[in-house]
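Worksheet: one structure, shown below.
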Amino acid sequence: MLKNPIIRKSFFIVLLIGVYFTVWRPIRSGIAQYVLNPVAEQFDYTHTEQDIIMRPGNSLGYYIRIKNTSQGYKELFFRVMGGMFFLFGCIIIVLLSEHPNKILFRYFFLQIGMILLGILLLFFGLYIHKSGIYLVDLLGRYGEPLINLGFVVIQTPLGSKLKQLNKQP
5 MLKNPIIRKS FFIVLLIGVY FTVWRPIRSG IAQYVLNPVA EQFDYTHTEQ
55 DIIMRPGNSL GYYIRIKNTS QGYKELFFRV MGGMFFLFGC IIIVLLSEHP
105 NKILFRYFFL QIGMILLGIL LLFFGLYIHK SGIYLVDLLG RYGEPLINLG
155 FVVIQTPLGS KLKQLNKQP
């Protein structure tokens, strides 16, 4: 039944999309609910005299306002990583690689590491120094797409073709 590679890849993509919406999104929501919500209550927006104010954005993220001496407040957004870039990366890996299982396994643990790094930087920014919040914002806006899609380019045959192009004079 699944000997045809097109049918097999299509089935695997449908399975990935199903797992993403039924397993991965609830895990991300659980991280937001049980890890970030207790922290956000300490930095609630009702305490307006604080330097850092957190208010809920959506089910997976928070707006963080930081009091800046020259500009008043600067508003940043933090969300639990592993969103659509992760799903697009998984689909591209399935479409372009011959053995997607090994690559998806490494890709999943890279994503877990990025989530943990984001939470660690957020805690550093909230409890030790404000620069951690700026790093979280930088990681969320630019690092997540760059790391997710960069990993995909490096790990698939597209990455090996790019290496060959760089070696040619």
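First residue of the sequence shown? That's 5 in our numbering, and the numbers climb one at a time after it. All C-beta atoms in this analysis are idealised placements derived from N, C-alpha and C, irrespective of residue type, glycine included.
The distance from the Cβ of L80 to that of I70 is about 7 angstroms, consistent with a contact at the 8 angstroms cut-off. Per DSSP, L120 is one residue of the alpha helix (DSSP H) stretching across P104 to Y131.
DSSP places S135 inside the alpha helix (DSSP H), whose first and last residues are S135 to L142. Residue burial annotation: G154 is exposed, with fewer than 16 other C-beta atoms found within 10 angstroms of its C-beta. Here I17 really is in contact with V98; their C-beta atoms are around 6 angstroms apart, less than 8 angstroms. Taking the Cα of L20 as reference, the smallest distance to any Cα among F109, N8 and G34 is reached at F109. By the beta-carbon neighbour count (other beta carbons within 10 angstroms, threshold 16), R12 is exposed.
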